[in-house]
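Notes follow the structure.
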Amino acid sequence: MKIIKTKKFILRPMSLKDSKDLVKNMNNWKVIQNLSALPFPYELKHARKFSGKIEKEMKKELPKDYVMVIEIEGEVVGAIGAHKIVPGHKAEMGYWLAEKHWGRGVMSEAVTKFMAHIFSNFKLRRIYAKAYAHNKGSMRVMEKVGMQFEGIERKGALKNGKYIDCYVYAKTK
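Here it is as structure tokens:
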């Protein structure tokens, strides 16, 4: 598995051993409110189940989910994943970052590196991502990495009992 090192962070495959850091940095309402289908509070049992599933999936020759963590100074502070991968065609990307690292350019750089890796490894033609209407930071990341705004998926997500619009961005090759 590929490991990507920069001056700011290391991008590496997710593993079960990352569970404690995931809980520490995801168990924040400001982070969770921007992610789909995650419980709050986010507990160790949730992190172990997810990271174990991803670790197993990434061992497959053609995984449907491929997730790398963002590690800074030995701590997992975020993750980026390609989901619903259709090799040779497309994947949906999602990402999150611990609040203490917001606004420092970490996510834009990590997404750029991750997309290059995923485009190459899976020979993709399209990577798309969605952001909830209130998540301006995520939309800005997508714009900074060269993704194009495609439109609004009206009431595209159900979060906390409310339907919310999703802004769709994509990058194609």
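Residues 0 to 172, numbered by numbering that gives the first Met the number 0, are exactly what the sequence shown covers, in order.
Even for Gly, the Cβ is constructed at its ideal location relative to N, Cα and C.
Beta carbon of residue i nearer than 8 Å to that of residue j
| i | j | result |
| --- | --- | --- |
| Ala156 | Tyr131 | yes |
| Leu10 | Ser50 | no |
| Asp164 | Glu152 | yes |
| His100 | Gly93 | no |
| Met138 | Tyr162 | no |
| Glu56 | Pro62 | yes |
| Val144 | Val110 | yes |
| Asn26 | Glu98 | no |
| Phe8 | Val105 | yes |
Residue i, DSSP secondary structure in three states
| i | result |
| --- | --- |
| Thr171 | strand |
| Phe141 | Reading off the sequence, residue 141 comes out as Met, not Phe. Met141: helix per DSSP, three-state reduction. |
| Lys6 | coil |
| Lys83 | strand |
| Lys99 | helix |
| Lys89 | strand |
Closest Cα partner of residue i within the set the options
| i | options | result |
| --- | --- | --- |
| Glu72 | Lys4, Tyr166, Lys172 | Lys4 |
| Gly80 | Val140, Phe113, Met146 | Phe113 |
| Phe39 | Lys19, Val167, Lys29 | Lys29 |
| Ile31 | Lys63, Lys129, Asn159 | Asn159 |
| His133 | Val144, Asn33, Lys154 | Asn33 |
| Val76 | Gly145, Val140, Lys23 | Lys23 |
| Met173 | Tyr41, Ala46, Asn27 | There is no way to answer for residue 173, as the model of the chain reaches only from 0 to 172. |
| Lys135 | Ala36, Gly102, Glu108, Arg125 | Gly102 |
| Ser107 | Ile84, Glu142, Arg125, His88 | Glu142 |
Presumed contact (8 Å Cβ cut-off) between residue i and residue j, rounded CB distance
| i | j | result |
| --- | --- | --- |
| Leu123 | Ala78 | Contact doesn't hold; Cβ gap of about 19 Å is too wide. |
| Leu96 | Ile69 | 7 Å |
| Pro86 | Phe118 | No, Pro86 and Phe118 are not in contact; Cβ-Cβ is about 12 Å, not under 8 Å. |
| Ala115 | Gln147 | That belief does not hold up - the Cβ atoms of Ala115 and Gln147 are roughly 17 Å apart, past 8 Å. |
Any non-hydrogen atom of the ligand MG within 7 Å of residue i CB
| i | result |
| --- | --- |
| Leu123 | This structure lacks the ligand MG; in fact it carries no ligand of any kind. |
Inset, instruction - Could you name each continuous alpha helix (DSSP H) segment of 4 residues or more that falls completely within the segment 10-78, going from the start of the chain to the end? - result: 18-25, 28-31, 43-56
Legend entry - alpha helix (DSSP H) segments (min. 4 residues) lying fully within the segment 102-163: 105-121, 135-143
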